[in-house]
Structure formats: structure tokens, C-alpha cells
Amino acid sequence: MQSVAALAYLAGTILIGGFMGIVLWKILTLRISLGDLLRGDSRNASGYSTGFSPGRAQLLIVTLLFAGYYLAQLISNPSAFPHVPDAVLAVLGGSQATYLGGKAYALLFKNR
Amino acid sequence: MKDRVGWIALTLAVVGGLVLYFIPGDHTAKLVIAAGYAAVVLIFFYGLIVLIMMATGSIDLSQLLEDDTGGASMSRFQLLIFTFVIALSFFVLVAKTGTLPQVPADVLALLGISATTYGVSKGISAGSGSSGTSNPPATPPAPAPKPPTP
Chain A
0 MQSVAALAYL AGTILIGGFM GIVLWKILTL RISLGDLLRG DSRNASGYST GFSPGRAQLL
60 IVTLLFAGYY LAQLISNPSA FPHVPDAVLA VLGGSQATYL GGKAYALLFK NR
Chain B
0 MKDRVGWIAL TLAVVGGLVL YFIPGDHTAK LVIAAGYAAV VLIFFYGLIV LIMMATGSID
60 LSQLLEDDTG GASMSRFQLL IFTFVIALSF FVLVAKTGTL PQVPADVLAL LGISATTYGV
120 SKGISAGSGS SGTSNPPATP PAPAPKPPTP
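Residue numbers (numbering that gives the first Met the number 0), protein chains in the order written: chain A, 0 to 111; chain B, 0 to 149.
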């Protein structure tokens, strides 16, 4: 059965690595567009426009920092899921709330 | 051509089964191993087909991160990053330990936060009527006049 497990490990590595590689390759070759990723919607008298969104920028920074932290924890101890401290979850939650609050204010309440 | 490939596959499966039957050893153990190999090979080829279709563009990923306004969505991007990270950690743990790991509550909370942000973001966009255009909403057509009563 160990050979079946080894084959399954190889197959899983190819599939998961392949999927991540394809998505990353398409992002790098602009086939998956990241245009306007940091531009937020805002409403004005003439309709909708987009401008640089600090809420989106902080969410991007927090997301990338957390992903790097999580992967570093996994590499240092690959025998269990990395523990996510409550403080980190609180920071993430606050970051999401800031992003959503800014979006809701810009789209639902501003210029009404 | 497709029929020929099907017949070849069927022949190989029957020959493989007969070879497995006549190999000395416990039949139950051989059956378990054969089923394991068959499952791995089938799942791998299903996944490989999906990967090839993604790579060639048959499965279109160009709008993977787009929201209703046509620009990239930050909440979708974050959900993608967190899904990749947690899927990778899950796979590494299964490969290391050989068993399905217990998913801790903080990891579930992480995915929940990300998915909830995506859902609420969609709700906000839908509630604002954002459609990526600055045109005013179309007025409904005037109702047809009633026919005169006799």
C-alpha cells in the first residue's frame, strides 16, 4: 500500500502544483486581469467612478503578510496546521471590516 | 478513433485484471491494492484533463477575479490566496501524516472571514446597483392602452 500512497502523493503534487502554477502563470501573463485591484468604486453625481482605495491597499498588504506568515509556520512545522493567534484573526477581521465599511460608504451612502 | 481507444482501454483492463488474479497472494489484499491504484489513476486523469483545459483556455479563467464592474475584486483575490494557502497546508499534512488532519477552528474562522467578506462585498455591489456603467437605469415601457369597452 505504500506504493499506492506514494503514487497518490505524486498525483496530488502534480494536480495541486499544476493548478496553482496555471493560475499564477495566467496572472503574470495578464490573462487573468488584476486591473483596478486597488481602485475602489465611488459614486458621484454622474454615476460611478473609480479611484485609488486605501481600504483595498491595506487589505492587500494584510492578506499577503498573513499568507507569508502562515506558509512560514507550515514550513517550520509541517506536522500540524499552523496556529492562528486570536490577535491575528482580530487584525484580519478589522482589515475586512475597514474594506467593507469603506466600500459600503462609497457606494451606498456617499452623494445620496 | 475514439472507439479504438475505448477497446484498447477495455482490453488492457481485462488483461490487467487477469494478471492480478493469477499473481500469487491473498486475493483480498490484491483487490484492495488494485482498487487503490485504479482510484488514484482515475482521479489523477480527471484532474489532469481539467488542468489541460485550463491551460489551453477551454476553461476560461480570465474572469476569475472580476467583479460585476469588470475590474479585479479584492475579496475574490483574498479568497483565492487563502484557499490556495489552506489547500496547500492540508495537502502537506495529509502527505506527512497519512491521515486526514483535524481542521482547527482558527483555520475555519480564517476561511469563514474571507468567504463572508466576499459575500458581503457582492451584496454591497448588488445593493448599490453597480453595473460598471454611468447610464441611468432604463425606464420600464409604458403599459399597453386598454381596448375600448363595447
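For glycine and all other residues, C-beta sits at the position ideal for the given N, C-alpha and C. Quantities reported herein were computed from a predicted structural model and do not represent experimental measurements.
Which residues, taken in chain order from the region 90-116 of chain B, show a beta carbon closer than 9 Å to some beta carbon of chain A?
90, 91, 92, 93, 94, 95, 96, 97, 100, 101, 102, 103, 105, 106, 108, 109, 112, 113, 115, 116
Taking Cβ-Cβ distances shorter than 7 Å, what residues in chain A pair up with residue 86 of chain B?
15
Around the C-beta of residue 48 of chain B, are 16 or more other C-beta atoms found within 10 angstroms, so that it is buried, or is it exposed?
exposed
Mind checking if residue 24 of chain B is an interface residue toward chain A, Cβ cutoff 9 Å exclusive?
Judged by the 9 Å Cβ criterion, residue 24 of chain B is not in contact with chain A.
Considering only the alpha carbon of each residue, which of B:9, B:110, B:10, B:122 lies closest to residue 67 of chain B?
Of the residues B:9, B:110, B:10, B:122, the one whose Cα lies closest to the Cα of residue 67 of chain B is B:122.
Taking C-beta pairs closer than 7 Å, name the residues in chain A that residue 73 of chain B reaches, listed in chain order.
36, 55, 58, 59, 98
Less than 8 Å between the CB atoms is what I'm expecting for residue 17 of chain A and residue 50 of chain B, so what's the real figure, rounded?
5 Å
For residue 26 of chain A, collect the residues of the same chain with a Cβ closer than 7 Å to its Cβ; drop the 5 residues on either side in sequence, then sort them by chain order.
33
To which residues of the same chain is residue 134 of chain B closer than 7 Å at the C-beta, ignoring the five residues directly before and after it?
Confidence at residue 134 of chain B is low in this model, with a pLDDT of 40, below 50, so the placement of that residue should be treated as unreliable; the coordinate-derived value is given next. Excluding residues within five positions, none has a Cβ falling inside 7 Å.
Assuming residue 93 of chain B and residue 100 of chain B make a contact with CB atoms under 8 Å, what is their CB distance in whole Å?
Going by Cβ atoms, the distance from residue 93 of chain B to residue 100 of chain B rounds to 7 Å, so yes, they are a contact pair.
If I'm right that residue 73 of chain B touches residue 88 of chain A with Cβ under 8 Å, what's the distance once you round it to whole angstroms?
Cβ atoms of residue 73 of chain B and residue 88 of chain A stay farther apart than 8 Å, at about 19 Å.
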